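For reference, the structure is listed below as structure tokens.
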Amino acid sequence: MTIQFACDDKQTLIAYLYGEIDPAARRAVDDHLALCSACAAEAAALGGVRSELGLWMPPHAELDFAIVKKSELPPSNVLRPARWWNAAPVWAQAAAAVLVLAAGAAIANLQVKSGPDGFSVSTGWIQERTLGAPAQGADAGSEVEGWRPALAAMEQQLRSEIRSTRDQAAPASGRGSADDAIMRRVQQLITEAEKRHSQELAARLIDFTRDVNMQRRADLMNISRGMVSYEEQLQRQRQMINNVYRVSATPQQ
Amino acid sequence: MVATDEELVARSMQGDADSFNQLVLRWERPIYALAYRVIGRDEDARDVAQETFLRAFRALPGFKGQAKFSSWLYRIALNLCRDWIRRKKRTPVVDMPEGVDVIELAAEQGPVESIEDLVARQEMSAIVAEGMKLLPDEQRTAIVLKEYHGLTFQEIADLQGCPLSTVKTRLYQGLSVLRRHLESQGMTTYEG
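Line by line, the protein sequences give chains F and P. For the first sequence, the numbering used here assigns the number 29 to the initial residue and increments by one for each residue that follows. For the second sequence, the numbering used here assigns the number -15 to the initial residue and increments by one for each residue that follows.
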């Protein structure tokens, strides 16, 4: 069976243009195009469009996409909202904990006593009574008065310790070492960026030099071409002047 | 010996991120080029390309291998392009990228091509890009997939979810619009 190609069969024409056509249909299109100038012109024009499409190129983009596991990311790359307690150094947090404990013990009236019966621990504001011993209200009152200055002294001491260790402890603390690590990472990034920039700059300079050389070569060729034509023109003018001289020097009859 | 896409996919599915990164390296440029030609903006095309690989990585366990890995990637990328066009509710812009100048192109092309030729080529490229802007999304996508990615009619039909004959019609209509545009801009379209 012979396959016939009709002028309005655009789907077969497209299949023919892109080469996705069986041999028999291709032969039919070839035969038709040899006879039909309109279809031949259209096929040539569409083929020309395909050639022109090759001119449209996307820009050169630095992509370098990569899937990176979260655990492989350096900690400095992960930004987290700051928590208020992260701002305080470790030693200050420890001191605060001691203060809280001390205050709690004071409020609870914690008392540790050692006696012939061993250690005895008591809390609360009711005075411990030893069996058989009379209550000593006045002594109890003086004890209560006695721990207040002691607590105040302890608070003062803690405050002064905090103040004195603040300057010394800060650089050596864990936070200080974390800051150092971040600084080292930043330094490393800066160095890498500088290196990359200098490489790019070098590449640009090489390209630029090549362009300038190309342009210079083209200019020199143009100039030499211009000089040649100028010399030719000069030569023609000389010949013309010589001819004029020759004609003028010839005696007229 | 270079591993095939299928081998790299199999290794990636077993948790080998390096194998997936090899696939990314292999396909990032074609996917970016596809996105750039469909949506026409460099930055957005990068975003689409990056998102394509992220989605592919997340969806990898569900990839059964009925289609080629590249076809699967193209499908994800085209869906993202479609979303982008719908979200922006505007015609894709296919202008020449910013910052491209003749000197840069000259450096890339080497000493063979003259500056004048490069200028002419850049102008022609801009005219082609303008012509592509005139096409409806489906026709432009069909032409991009056929001309620049060499997909078969059947592959394009699968990606666009339409019959094979529709793909051919889209290609014919798109090329005809481009032909008229190029001729109106003084570019001859006859081969030879």
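Cβ coordinates follow ideal geometry from the N, Cα and C atoms, glycine included. Keep in mind it's a predicted model, so treat the numbers as computed, not measured.
Item: Assuming H133/P is part of the alpha helix (DSSP H), what are its boundary residues?; Value: Looking at the DSSP string, H133/P is not in any alpha helix (DSSP H), and its letter there is neither H nor E.
Item: At a Cβ threshold of 7 Å, is F33/F touching chain P?; Value: no
Item: Taking the straight line between their C-alpha atoms, what separation do you get for K52/P and F4/P?; Value: 15 Å
Item: V22/P to C65/P, Cα distance in whole Å?; Value: 7 Å
Item: Please decide whether N105/F counts as near chain P, where near means a Cβ-Cβ distance under 7 Å.; Value: With a pLDDT of 46 at N105/F, under the threshold of 50, the modelled position of this residue cannot be trusted; read the value that follows with caution. No, its Cβ sits nowhere closer than 7 Å to a Cβ of chain P.
Item: Check for me: the alpha helix (DSSP H) holding F41/P runs from which residue to which?; Value: 26 to 43
Item: Could you give the first and the last residue of the continuous alpha helix (DSSP H) run that contains G76/F?; Value: 65 to 81
Item: Identify the continuous alpha helix (DSSP H) that holds H165/P and give its terminal residues.; Value: 148 to 168
Item: Using a Cβ-Cβ distance cut-off of 7 Å, determine whether K223/F contacts chain P.; Value: no
Item: How about A131/P and L81/F: are their beta carbons less than 7 Å apart?; Value: The question names Ala, but residue 131/P is Glu in the sequence shown. For E131/P and L81/F, yes; Cβs fall inside 7 Å.
Item: Using only alpha-carbon positions, find the residue among L38/P, V151/P, R30/P that is nearest to P87/F.; Value: R30/P
Item: By the 7 Å beta-carbon criterion, what residues does the region 38 to 53 of chain P contribute toward chain F?; Value: F41
Item: Measuring CA to CA, which of A(-6)/P, I69/P, V32/P is closest to G46/P?; Value: A(-6)/P
Item: With a CB to CB cut of under 7 Å and the five nearest residues on each side skipped, what residues in its chain are close to L148/P?; Value: F137, Q138, A141
Item: I'd like the span of the alpha helix (DSSP H) that includes Q50/P, first residue to last.; Value: Taken as a continuous stretch (DSSP letters only), Q50/P belongs to no alpha helix (DSSP H), as it is neither H nor E.
Item: Any idea if V57/F is buried or exposed, counting beta-carbon neighbours within 10 angstroms, 16 or more meaning buried?; Value: buried
Item: With a CB to CB cut of under 7 Å and the five nearest residues on each side skipped, what residues in its chain are close to L74/F?; Value: L45
Item: Run down chain P in chain order and give the residues with a C-beta less than 8 Å from the C-beta of E228/F.; Value: The contacting residues do not exist; E228/F stays about 12 Å from chain P at best.
Item: Leaving aside the five residues before and after R124/P along the sequence, list all residues of the same chain whose C-beta is less than 6 Å from its C-beta, in chain order.; Value: M116
Item: Since Y16/P is in the alpha helix (DSSP H), which residue starts that stretch and which ends it?; Value: 1 to 23
Item: Along chain P, in chain order, which residues have C-beta atoms closer than 7 Å to that of L74/F?; Value: L159, R163
Item: Tell me which same chain residues have a C-beta within less than 6 Å of the C-beta of Y20/P, skipping the five on either side of it?; Value: A29
Item: Would you give the residue range spanned by the alpha helix (DSSP H) that Y44/F belongs to?; Value: 38 to 45
Item: Just to make sure I have the definition right: I need the residues of chain P whose C-beta is within less than 7 Å of the C-beta of A94/F. Which are they?; Value: N5, V8
Item: Exposed or buried, what is T40/F when buried is set at 16 or more other beta-carbons lying within 10 Å of its beta-carbon?; Value: buried
Item: Could you tell me which of A71/F, V126/F, A66/F, I49/F sits nearest to A187/F, measuring between CA atoms?; Value: For the sequence presented, residue 187/F should be read as Arg rather than Ala. It is V126/F whose Cα lies nearest to the Cα of R187/F.
Item: Of all Cβ atoms in chain F, is any one closer than 7 Å to the Cβ of R(-2)/P?; Value: Note that residue -2/P is Gln in the sequence shown, not Arg. No - not a single Cβ of chain F is within 7 Å of the one on Q(-2)/P.
Item: Would DSSP call P51/F helix, strand or coil?; Value: helix
Item: At the level of alpha carbons, what is the spacing between E220/F and A178/F?; Value: 59 Å
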